[in-house]
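**Q** The opening position of the sequence shown corresponds to residue 0 in numbering that gives the first Met the number 0, with each subsequent residue numbered one higher. We treat Cβ as the ideally placed atom computed from N, Cα and C, and that holds for glycine.
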Amino acid sequence: MYFDSEPLNKSFESAFSGTRIIDFKVNEKRNIPEFIRTENIVTNATWAVFDTIHFLAMMPSSYNLTPLCEENMTCRELERKLWDDYLGTPIDFSKRHILAYHWKKKCKEKKIDAFSCLVKVDYSKTKRLTIIAYALSVVALGIFSSLIANQIQVMNIIYQALVPTLMIIVAILLGLKK
């Protein structure tokens, strides 16, 4: 399972960063639908078991990876061109160095019937368009703030002229009553 996560303040923070969650599971009973578990019990079927389980993930070295599993992780930098032949497709090195992360679970005495590894990946996704959009937003906020300040100043001038005028009118009205 894989998904991107967006924080509540996504309009600000996530324009420059993101979080990716990779949840790798093999035979996790609580994630298998109940009707399949029931059918396995009724038909006396067995779950797949393994001697060794490998989980591999590749991502740019600029990404911050947080593994949340019991297995030890190893990591290595992928060499350009060498791994293209191995995978059968070119690896995108546009984001610089690519790191390969490897988790391995091996049991000699008994078979492995379940495996789970959750990986949280934080990454930066700054683009020129995003920076330009934010810069234009700052300029627009500056213009808007300036307009408000000017309006307050105009209102202040009107207020300063209005108070003495009202005082004169009140004085004239009071003078007429005598």
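What three-state label does DSSP hand W82 in the structure shown?
**A** It is helical.
**Q** Three or more C-beta pairs closer than 8 Å, one from the region 44-59 and one from the region 107-127: is that the case here?
**A** Touching, per the Cβ criterion.
**Q** Does the region 20-33 come into contact with the region 78-94, if we say contact requires no fewer than three beta-carbon pairs (one atom in each stretch) closer than 8 Å?
**A** Verdict: no, contact absent.
**Q** Measure the C-alpha to C-alpha separation of E78 and F54 and round it to an integer number of angstroms.
**A** If you take the alpha carbons of E78 and F54, they lie about 19 Å apart.
**Q** Which same chain residues end up closer than 7 Å to S123 when comparing Cβ atoms and leaving out the 5 residues on each side of it in sequence?
**A** Excluding positions up to five away in sequence, the list reads F15, S16, S61.
**Q** In the DSSP assignment, what are the bridge partners of V120?
**A** DSSP output for V120 lists R19, L64 as bridge partner(s).
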